[in-house]
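Note sheet for the following structure.
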Amino acid sequence: MSQTTTERPAGKRPTSALGRAADWADERYTASRFVRSSLNKVFPDNWSFMMGEIALYSFIILILTGTYLALFFDPSMTEVRYDGSYSLLRGVEMSRAYDSTLNISFDVRGGLLMRQIHHWSALLFVAAMVAHMLRVFFTGGFRKPREVNWLLGVGLLTFGILEGFAGYSLPDDLLSGTGLRIAYAIILSIPVVGTWLAFGLFGSEFPGVDILPRLYIVHVLLIPGIILAFIAVHVGLVVLQKHTQFPGPGRREDNVVGERMYPLYGAKGGGFFFLIFGVTAALAGLFQINPIWLYGPYNPAQVSSGSQPDWYMGFLDGSTRIFPAWEIRFWNYTISPLIWPTVVLPGILFTLLALYPFIEARMTKDRSVHHLLQRPRDVPVRTSLGAMALAFYFVLLISGGNDIIADKFDISLNAMTWIGRISLIVLPPVAYSATYLLCLGLQRHDREILEHGVETGIIKRLPSGEFIEVHQPLGPVDEHGHGELEYAGAPVPKRMNRITNPGRKAIGFLKQVPDPGEAPDLGTEAGETDQEAAQLAGRPKNPD
Amino acid sequence: MTDAVRPPSTREQFDQPGEIDLETYRDLTLEEQAALGTELDGVQIVHRRERFPVPGTKAEKRAERAVAACFVLAFLGAVAFVVCYVVLPWQYDINSKTYTWFTPVLGVTMALSLFGFGIGAILWAKLLITEEETVQDRHSGRSTPEARATTAAVLTDGIAMTGLPRRSLLQRVLGLSVLALGALAIVPLGGLIKKPRDALFVTGWSTGVRLMTGDRRLVRPGDIEAGGIETVFPATPDGLSTQVVADSVVLLIRLRPGQTVRARPGQQDFGWEDYLAYSKICTHAGCPASLYEQQTGRLLCPCHQSQFDLLQDAKPVFGPAARPLPKLAITVDDEGYFVAKGDFTEPIGPSFWERR
Numbered sequence: 000m001s002q003t004t005t006e007r008p009a010g011k012r013p014t015s016a017l018g019r020a021a022d023w024a025d026e027r028y029t030a031s032r033f034v035r036s037s038l039n040k041v042f043p044d045n046w047s048f049m050m051g052e053i054a055l056y057s058f059i060i061l062i063l064t065g066t067y068l069a070l071f072f073d074p075s076m077t078e079v080r081y082d083g084s085y086s087l088l089r090g091v092e093m094s095r096a097y098d099s100t101l102n103i104s105f106d107v108r109g110g111l112l113m114r115q116i117h118h119w120s121a122l123l124f125v126a127a128m129v130a131h132m133l134r135v136f137f138t139g140g141f142r143k144p145r146e147v148n149w150l151l152g153v154g155l156l157t158f159g160i161l162e163g164f165a166g167y168s169l170p171d172d173l174l175s176g177t178g179l180r181i182a183y184a185i186i187l188s189i190p191v192v193g194t195w196l197a198f199g200l201f202g203s204e205f206p207g208v209d210i211l212p213r214l215y216i217v218h219v220l221l222i223p224g225i226i227l228a229f230i231a232v233h234v235g236l237v238v239l240q241k242h243t244q245f246p247g248p249g250r251r252e253d254n255v256v257g258e259r260m261y262p263l264y265g266a267k268g269g270g271f272f273f274l275i276f277g278v279t280a281a282l283a284g285l286f287q288i289n290p291i292w293l294y295g296p297y298n299p300a301q302v303s304s305g306s307q308p309d310w311y312m313g314f315l316d317g318s319t320r321i322f323p324a325w326e327i328r329f330w331n332y333t334i335s336p337l338i339w340p341t342v343v344l345p346g347i348l349f350t351l352l353a354l355y356p357f358i359e360a361r362m363t364k365d366r367s368v369h370h371l372l373q374r375p376r377d378v379p380v381r382t383s384l385g386a387m388a389l390a391f392y393f394v395l396l397i398s399g400g401n402d403i404i405a406d407k408f409d410i411s412l413n414a415m416t417w418i419g420r421i422s423l424i425v426l427p428p429v430a431y432s433a434t435y436l437l438c439l440g441l442q443r444h445d446r447e448i449l450e451h452g453v454e455t456g457i458i459k460r461l462p463s464g465e466f467i468e469v470h471q472p473l474g475p476v477d478e479h480g481h482g483e484l485e486y487a488g489a490p491v492p493k494r495m496n497r498i499t500n501p502g503r504k505a506i507g508f509l510k511q512v513p514d515p516g517e518a519p520d521l522g523t524e525a526g527e528t529d530q531e532a533a534q535l536a537g538r539p540k541n542p543d
Numbered sequence: 000m001t002d003a004v005r006p007p008s009t010r011e012q013f014d015q016p017g018e019i020d021l022e023t024y025r026d027l028t029l030e031e032q033a034a035l036g037t038e039l040d041g042v043q044i045v046h047r048r049e050r051f052p053v054p055g056t057k058a059e060k061r062a063e064r065a066v067a068a069c070f071v072l073a074f075l076g077a078v079a080f081v082v083c084y085v086v087l088p089w090q091y092d093i094n095s096k097t098y099t100w101f102t103p104v105l106g107v108t109m110a111l112s113l114f115g116f117g118i119g120a121i122l123w124a125k126l127l128i129t130e131e132e133t134v135q136d137r138h139s140g141r142s143t144p145e146a147r148a149t150t151a152a153v154l155t156d157g158i159a160m161t162g163l164p165r166r167s168l169l170q171r172v173l174g175l176s177v178l179a180l181g182a183l184a185i186v187p188l189g190g191l192i193k194k195p196r197d198a199l200f201v202t203g204w205s206t207g208v209r210l211m212t213g214d215r216r217l218v219r220p221g222d223i224e225a226g227g228i229e230t231v232f233p234a235t236p237d238g239l240s241t242q243v244v245a246d247s248v249v250l251l252i253r254l255r256p257g258q259t260v261r262a263r264p265g266q267q268d269f270g271w272e273d274y275l276a277y278s279k280i281c282t283h284a285g286c287p288a289s290l291y292e293q294q295t296g297r298l299l300c301p302c303h304q305s306q307f308d309l310l311q312d313a314k315p316v317f318g319p320a321a322r323p324l325p326k327l328a329i330t331v332d333d334e335g336y337f338v339a340k341g342d343f344t345e346p347i348g349p350s351f352w353e354r355r
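Residue numbers (numbering that gives the first Met the number 0), protein chains in the order written: chain A, 0 to 543; chain B, 0 to 355.
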């Protein structure tokens, strides 16, 4: 008795229902300290940190809608005659997979909405992962101690793409069947073991009757399980190592500045989930995606022009289109030209991607721990390498739709192919050089502002008759009027209305600038804190 | 935010259970009690400000109403969703367009509800919840020397306890059994293995098999106009099944008068008069190469834009395909129908390792 009472700070049993529940749990799990520290976890606030959140939320939406779809979908490849309510296909021979997808679209109330939310979220899931990865790459978030989380991220992206491909192959419509046939050809192209792998996966020569049931279990159990496990470790490591943050007022390597999980960040993050869900619901309601009933059931003798995969497979489609017809034949063996753009190229790309943190650490000999992010301009080589990779990727992606572009802009298809081939070699170095120069220019501009101050827009006439623009120094100046602040890796204010708002959004663009007389009084304490913060970040004192 | 600013901490005083001075704690305000809890987790609140320091202003009421309006929208959207789900016509009807509203209306009402809830929560955070800036200590890098040394000691001691380093027999046997267990886990996957055998080299065509169209009509000379093409399949009972179509689909072409095709060596007699038959499966990635440009005699595969010139015996003239389309030898039987003179003389479709 006495034991339990002394452990309660307030010294008496809680009376409210919530309090009693908490007491019940704490007596059993000794959870108070864990709960408190979880609630107190600090999250740094930056718009670019929301990419990973979008990926996580769209994955949750995928699980919810996918489970719903699984209640109605049948991956069987047994041939049936369609007898559903979509009268245009009635009597047509098709697989059960296609039949049940039509069923979800036309004979399940709200099924089409669920299908479309699922498809849109899948597109968003991969897109958000890519955006998140770019953010981490360009800000150096992958550096020690986060190399393993980068690897997990590359794994998540890879599995996300495979999961998407497995998913959109399931309906067995004309488009997805064509995609599966190409996948079969790609596996077939692997030297020595290709035919064995293809027959192992498909169970026979293409198409066989095994591939869809197998892809189904891969799509609903195997890969989602792996993704879920990866997400758990990925997020777990973020909790363990805490978030990175951009340099700024009071932000150091040994702290995290931001808002606590509870209540501020939790409300924002929770609300953001519903926003993302809302976006996918609106997209699904208003924009048709993958209308399989228009494509028809899969028939190996047919294909429609303008066949495009989902966007994340587009770069591989592009590489396949523009790669030359280099078939190697020797003795009695053949190496298909398909192997280079579809197996070797992505193999190299994803290996380089995965190894990048280790390559950079080796090149820069940087072995120290980093929790502060970098501005892309401050690391011109990495930023330019990223731009180069992006240029390479976008040439491939655009080439994946070169027939559409040729059609819509009335360009020769063959010319588009050649544009792709040449751009793939020429554009990346151009992107590298241009980005490098841009980074240096931005760096110089930052230094110039720190040295000479912000342009005020006030033109002054000197007694000599000369006109000069008055510059507002950002901090203390030396005898020549040059600023003495060092660059600290944080954004340097370049406009007057940025000066007193370190790290906060500028007012005056969408919102009216408040009249100084009506400006809310922040109170001396807060005001001083802001100024101290500004000084810490290499920022100016309030000019008045 | 710096250590100097941090108030002389009660943290050490309260960090251990049983050391809490209840009298002192009870005298603190709720905010101070919470701040103490926050401090115990290594988190300093460096800036905390009510969004509306003066309660009950017009601005505060306005903010509260904005948040409330969002939640009302969430409520109304959800109710509208349920009502529309139950009431609206949803079943496909070719004669009526009313069903086309069902999915957009569901999507929009659902989105409105979710937007309402999401924006409500975010506006609440941004407009009403007390603003704060907090700083949490980050302890990163190596553990303390004691922790590292003792952990290593426990690990090493454990190995010593097993005696494994000096029991070489156990080492070997253990290694062997782990390998065997690994094999045990992998070997059942052997059930997946299917020997490719001849499937890649044979199709549904053989000597005397007639050519039929997709609607099971047998094909005779004269069915196709000069310059025309027809997709044909083996006229066998399963000739239209997906499995047979996948490797047996053939494009039957009738040349225009005056057009000649220089056949590949040994295939001079594969055509019949001005008719030629090629596999429709692209030799690049296996899509059906089905876009035919009559004027130029070019066949384009829409997947990766390989182009085959039929007048050059289906030679690839542009794009990633490396080999011409295989040609099917055809003739006309006694009853005047096209028949195959045998199977293809080479594997159809994309290349693979064992392809000769």
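C-beta: ideal position from N, C-alpha, C; glycine also.
7 angstroms Cβ cutoff, residue i in contact with chain B
i	result
R95/A	no
G502/A	In this predicted model, G502/A has a pLDDT of only 49, less than 50, meaning its place in the structure is not dependable; the value taken from the coordinates is given anyway. For G502/A, the answer is no, since every Cβ of chain B falls outside 7 angstroms of its Cβ.
G516/A	With a pLDDT of only 47 at G516/A, under 50, the local geometry of the prediction cannot be trusted, and the value read off the model is given with reservation. Judged by the 7 angstroms Cβ criterion, G516/A is not in contact with chain B.
T100/A	no
V476/A	no
P544/A	In the structure as shown, chain A starts at 0 and stops at 543, and residue 544/A therefore has no counterpart that could be examined.
T157/A	no
P544/A	With chain A running from 0 to 543 in the structure shown, residue 544/A is simply not present.
V107/A	no
I181/A	yes
S86/A	yes
Residue-level contact to chain A via CB, residue i, 7 angstroms cutoff
i	result
V53/B	no
Q158/B	Reading off the sequence, residue 158/B comes out as Ile, not Gln. No, its Cβ sits nowhere closer than 7 angstroms to a Cβ of chain A.
K340/B	no
A62/B	no
W271/B	no
Which listed residue (the options) has its alpha carbon closest to that of residue i
i	options	result
S203/A	L187/A, R259/A and R19/A	L187/A
F51/B	E130/B, S112/B and C69/B	E130/B
H586/A	H470/A, I60/A and F124/A	Only positions 0 to 543 of chain A appear in this structure, which leaves residue 586/A out of reach.
Supposed contact pair residue j and residue i - C-beta distance, whole angstroms, cut 8 angstroms
i	j	result
L290/B	L299/B	4 angstroms
P233/B	V243/B	7 angstroms
G296/B	D308/B	6 angstroms
P345/A	L315/A	6 angstroms
E162/A	P223/A	7 angstroms
P190/A	W352/B	5 angstroms
Proximity of residue i and residue j at Cβ, strictly below 7 angstroms
i	j	result
I458/A	E468/A	yes
T341/A	T319/A	yes
A79/B	T108/B	yes
V358/B	V260/B	The question about residue 358/B has no answer, for chain B in this structure spans 0 to 355.
L111/B	G76/B	yes
A390/A	A321/B	no
F137/A	G400/A	no
Extent of the continuous beta strand (DSSP E) run through residue i
i	result
T455/A	V453 to R460
K314/B	K314 to F317
V45/B	V42 to R48
T330/B	I329 to V331
A276/B	Y274 to S278
For residue i, the first and last residue of its enclosing alpha helix (DSSP H)
i	result
G257/A	Where G257/A is concerned, there is no enclosing alpha helix (DSSP H), although the beta strand (DSSP E) it sits in stretches over N254 to R259.
E63/B	K57 to V86
E30/B	L29 to L39
V153/A	E146 to S168
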